Structure formats: structure tokens, C-alpha cells
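To start, the structure under review is shown below, and the notes come after it.
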Amino acid sequence: MLRVVSNVFSFPNPVNEVSARLVAGGVVIMAAVALVFDLRWLTVVMAYGFLARVATGPTLSPLGQLVTRVVTPRLPVAAKPVPGPPKRFAQGMGAVITTTAAVLWVGFGLATAGKVFVGLVLVAATLESVFAFCIGCVIFAALMRANVIPESVCEQCNDITLRRSPAAS
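FYI, the numbering for the sequence shown is 1 to 169, going by UniProt numbering.
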């Protein structure tokens with residue numbers, strides 16, 4: 001039983017960047033729809049998705065499951081493995097921002113404040129999905145350089161050879 005729980009509550013390492021970018025694209029769509037159609041309840045769905053991905057990777061995330069089991073396997077692109085800890089950190093940032101948006105917009109009826117936080121997620125997810133620029137990963141790297149996050153958390157983050165694709169070898 002303990003093994004099952006530990007398998008569910010684990011985060012993949014490495015992460016397929018192709019899937020990560022597709023999940024980010026799904027977040028872009030949800031955030032845009034929430035803002036354009038004034039759907040505050042969608043912030044709760046986004047917050048759940050981020051919390052689920054922080055806790056379990058794609059396991060308990062409907063968007064993560066859709067992307068990793070249905071979309072990515074059907075794409076004619078090779079997997080691009082990247083270190084998992086920075087991606088998990090980025091998901092944690094998304095969880096904080098979307099939970100804040102949900103509390104403000106849904107919980108307190110502060111639409112403008114909630115929409116500002118949804119807008120932040122929209123920008124960050126767009127950068128990840130379109131340009132492969134992960135703001136959370138950049139912050140994670142800065143925290144590692146500042147010795148706030150120990151190198152042992154992500155030793156492969158410092159090994160540039162792990163970032164090269166097999167075709168480049």
C-alpha cells in the first residue's frame with residue numbers, strides 16, 4: 001500500500017519537455033477562456049490542475065493525463081527529457097498563483113485582482129508553451145546558484161550534457 005501511495009505521489013524525473021509545453025498550452029487556453037468569458041470557476045479547475053501536478057506529476061491531473069497518454073504519443077516528435085525538479089518548482093509557482101486567483105475571484109469576489117493573477121499564469125504558460133521559456137525553471141536555477149536550493153535536489157541541472165538530444169551526440 002505504501003508503495004502505491006509513493007508511486008502516485010511522485011513527480012517524473014526527467015520530464016518530457018514536449019508534454020510540459022503541451023500542458024502549458026492547455027493552461028493558456030483555460031486562462032484565456034476564463035478571462036474572455038469571465039468564468040471565475042475555471043480558476044478553481046486551474047488551481048486543482050497545478051496542485052495535482054505538483055503532488056503527482058500527470059497522475060491526478062486530467063490535463064496531464066490527456067497530454068501524456070493521448071496527445072504526446074500521437075505526435076511525430078521525439079521526447080525531449082529535461083530535469084524534473086525545476087518543472088515541479090514551476091508547477092508549484094503555478095499552484096500558488098492560480099490558488100490565489102481562485103481565492104480572490106471566487107472566494108472574495110475580487111474579480112480584478114483574481115484576473116490579474118490569471119493574467120500572470122497566462123503570460124508564464126504562453127512563454128513555456130510557445131518559446132520553451134520556463135520562468136519557474138529560471139527562478140529555480142537562480143535559487144540553486146544562491147544556495148537556497150541545494151545542488152543535491154537537482155544534480156542533473158548542472159550537467160549540460162543531459163540537455164543534448166540523442167541526435168546531437
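Virtual Cβ for every residue (Gly too), placed ideally from N, Cα, C.
Given the structure is predicted, the values throughout are model-derived calculations rather than measurements.
- I139 and A146 have their alpha carbons spaced roughly 10 Å apart.
- Under the DSSP definition of a beta bridge, N16 partners with P81.
- Within the UniProt domain "DUF4395" (15–145), the complete alpha helix (DSSP H) runs of at least 4 residues fall at 17–36, 41–56, 62–65, 84–102, 111–131, 135–145.
- When secondary structure is reduced to three states using DSSP, S152 falls in the helix class.
- The beta carbons of V123 and T43 sit no closer together than 8 Å.
- Taking 8 Å as the upper bound for CB-CB distance, L60 and V23 are not in contact here, some 13 Å apart.
- With a threshold of 16 other beta carbon atoms within 10 Å, T112 falls short and is exposed.
- The region 114–129 makes no contact with the region 141–156, as fewer than three CB pairs between them are under 8 Å.
- Considering only Q91, A55, A34, A32, the residue with the shortest C-alpha distance to R21 is Q91.
- With respect to the C-alpha of F11, the residue from S152, C137, P83 having the closest C-alpha is P83.
- Here the C-alpha atom of G25 lies approximately 26 Å from the C-alpha atom of L110.
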